[in-house]
Amino acid sequence: MPPIIRIADAKDYVGETVTVRGWVKRRTGKGKLAFLRIRDGSGIFQAVAFRPNLGDETFAKVKSLTTESSVILTGQIKADERAPGVPGGYEMDLSDIEIVQLAEAPYPIAPKEHGVEFLLDNRHLWLRADSQWAIQRVRATVIRAIRDWLDDHGFLLVDTPILTPAAGEGTTTLFEIDYHGEPAYLAQTGQLYNEANIFTFGKVYCFGPTFRAEKSKTRRHLQEFWMVEPEIAFCKLEELLEIEEQFVSYIVQTALEKCADELKLLGRDTSLLENVQPSFPRITYDRAVEMINEAAARGDTVPPHNEPVPAIEWGDDFGAPHETYLAGQFDRPVFVTHYPSAVKAFYMEPEPGRPEVCRSADLLAPEGYGEIIGGSERMSDPEMLEAAIRKHKLPEDAYDWYIDLRKYGSVPHSGFGLGVERTVAWICGIHHLREAIAFPRVLGRLKP
RNA sequence: UCCUCGGUAGCUCAAUAGGCAGAGCGGCCGGCUGUUAACCGGUUGGUUGGAGGUUCGAGUCCUCCCCGAGGAGCCA
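Structure (structure tokens):
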């Protein structure tokens, strides 16, 4: 019995006869010669079937194969420059084939362009496409890098609840569920619980799905997305930014190193990612507003539609074109710090001597991918926090425990949240977040 | 919730001024010894999103509705 191998390992078996189990992506042929593009999860290669070698009966089996049929193939591995695939350069000279199932024809997804609606309706099949295979492998690598870096830098993973009694930040729309007769909400952040956990563990992170019921219908939004949220005790804003730039650089460089084949398959220009090394530029909100208004006065435009940069007034939050313009001025991600307190969450520490701005920082990714991190130094004074909660008209009794944290050994502390799908989309160079997660939850869509 | 665009074969799209609903891809049959979303020949394939209206005649014009995409607000 020949050994069963993975396509990714084919290079180690040149000249040997082996067995591969997988699916027929596509069959092409030329008379007595047929090519089977085979996928097994680990990689993609082709099996070459030549009638004089196989005999008429086996060759007829090959010719009968439909797209996505499941097969067990046996043959000799050969190195051949003409062989396409991932990693490519190796193919199987087929000697025997077992058809596990002859797939129904036609397979719904044809080798051509498709519309978004059709692809999302068929997401369970679309995932088999080369591009989707590559993206999910990058995603898994990004998640691994996130956890490795945090675990190796003294952070403890502490899971936070998904069923919560009240709004985390009090700003966005929540999914409400029935918690045995009382209303509960799917978590939009684990941050407040992280802030409790730092008093036990110093540096913590939570990592899980979060839920936003906003009627957001853009390529930068999902109803359900994954977020990693580190939180650090005895940490001021300046130190937080150093952590963030080390963290993001590690994630990007790890993806470049471990997913070179996948990024190549996706056609990603990785030269733009190689710059992602510390340190990242830092600009204040004040300076950002100046830059935007100078650009608006010059009539500068931003991709993808080359719209003019809209002018902005101090105090307004940035729109997508503003973020794209700002990010476009730098060759790596850029921190924008000290936003107006009025446009940010209630818990952010005001800047000493300038209470109208807070010690916050967003990290904007290049190429129009927008905000991948939102972070800040948190308010550490109990009275100031109580006043902020009242000012934002939040239910005070829901935050009593949160205020307690400032009464018993309060310390300066900071944290941030990194959106996994936005990070994956940026690294992969894909247009829409929906491709960065296997089964995206976008507005108006729950199936599959 | 608001703004813009869209819905015709399994898929991607076309259809002059209101006048026989088409092409490519996919599928199926046949041909070809190096295919890369092959090529050549043949063939299959329709409740034009739904309801109503105008008209001799509606994919096309009118009204209402449904669905989708992009964006705004909000945010990762």
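For the first sequence, our numbering gives the first residue as -14, with consecutive numbering after it. Ideal placement from N, C-alpha and C gives every residue a C-beta, glycine not left out.
So who's on the other strand from residue i, going by DSSP bridges?
i      : result
K1     : The question names Lys, but residue 1 in the sequence shown is Glu. Per DSSP, none; premise fails for E1.
K188   : I217
A305   : The partner list for A305 (beta bridge, DSSP) is empty, contrary to what the question assumes.
Y170   : T149 and E161
I15    : For the sequence presented, residue 15 should be read as Lys rather than Ile. Looking at the DSSP assignment, K15 forms a beta bridge with L18.
S55    : W8 and Q86
T195   : F210
T286   : P293
R24    : W8 and I29
L142   : Y190
Q314   : Partner(s): none; Q314 has no beta bridge.
A64    : Y75
I(-11) : T4
Quick one: is residue i buried, meaning 16 or more other Cβ sit within 10 Å of its Cβ, or exposed?
i      : result
V85    : exposed
N182   : buried
S264   : exposed
V342   : buried
F35    : exposed
K378   : exposed
M(-14) : exposed
H416   : exposed
D347   : buried
W386   : exposed
L428   : exposed
A306   : The question names Ala, but residue 306 in the sequence shown is Pro. P306 should be labelled buried.
H165   : exposed
T286   : exposed
G394   : exposed
F232   : buried
First and last residue of the beta strand (DSSP E) that includes residue i?
i    : result
I29  : I29 to F35
C343 : R339 to C343
I84  : Y75 to Q86
T322 : V319 to T322
L248 : No beta strand (DSSP E) holds L248; the alpha helix (DSSP H) holding it covers A245 to L250.
Which whole-angstrom value describes the C-beta separation of residue i and residue j, a residue pair presumed to lie in contact below a C-beta threshold of 8 Å?
i    : j    : result
F401 : P351 : That belief does not hold up - the Cβ atoms of F401 and P351 are roughly 18 Å apart, past 8 Å.
A32  : L58  : 5 Å
P405 : I128 : The identity of residue 405 in the sequence shown is Val, whereas the question assumes Pro. About 7 Å separates the two Cβ atoms, so the contact holds.
I422 : L112 : Incorrect: roughly 11 Å between the Cβ atoms, too far for contact.
T52  : V9   : 6 Å
I62  : V101 : Incorrect: roughly 39 Å between the Cβ atoms, too far for contact.
L50  : R12  : 5 Å
T145 : Y178 : 4 Å
G175 : E214 : 5 Å
Between which two residues does the alpha helix (DSSP H) harbouring residue i extend?
i    : result
R122 : D115 to D137
E406 : V405 to C413
V101 : V101 to D106
D41  : D41 to S49
For a minimum of 3 consecutive residues, which ranges assigned as the beta strand (DSSP E) are wholly contained in the region 316 to 403?
319 to 322, 339 to 343, 345 to 350 and 355 to 363
Output the residue ranges of the alpha helix (DSSP H) runs that lie fully inside the region 221 to 282 and measure 4 residues or longer, sorted by chain position.
222 to 243, 245 to 250 and 256 to 259
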